[in-house]
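So the structure is just underneath, and the comments pick up after that.
In the UniProt record's numbering, the protein residues as written are 1 to 89.
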C-alpha cells in the first residue's frame, strides 16, 4: 500500500487513541455507575448487509505513523464522550 505522506497513518494513530479513550470511558462508567453497552442490530441494516452478499477477505494491516501526539489527541477526545448527550462534548 502506498500513502501520501502525512495522510492515512496519522489518522489511524488518532483513531486508535480515540477508541482506547472510548473504551476506558465505558469501563469507567461500568465501574462507577453500573452502565453497560448494548449493541442492537437494526433489521434494515442487517438486510442491507445481507443484500450486498459480502464475502470474507484477507485481514488488512493498519498502517500507523507512530504519532504519539495524534494518538494522545484521539484518546482525549474518546474520553470526552458524554453518555447523557450520547455524543462527544
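All C-beta atoms in this analysis are idealised placements derived from N, C-alpha and C, irrespective of residue type, glycine included.
Item, Value
"Go to residue 68, then tell me how far its alpha helix (DSSP H) extends in each direction, as first and last residue.", "68-79"
"Taking the straight line between their C-alpha atoms, what separation do you get for residue 54 and residue 46?", "12 Å"
"Between residue 73 and residue 18, what straight-line distance do the alpha-carbon atoms span, to the nearest angstrom?", "8 Å"
"By Cβ distance, which residues of its chain are closer than 8 Å to residue 11, with the 5 residues on each side in sequence left out?", "70"
"One question on the structure: do residue 79 and residue 27 come within less than 8 Å of each other, judged by their Cβ atoms?", "no"
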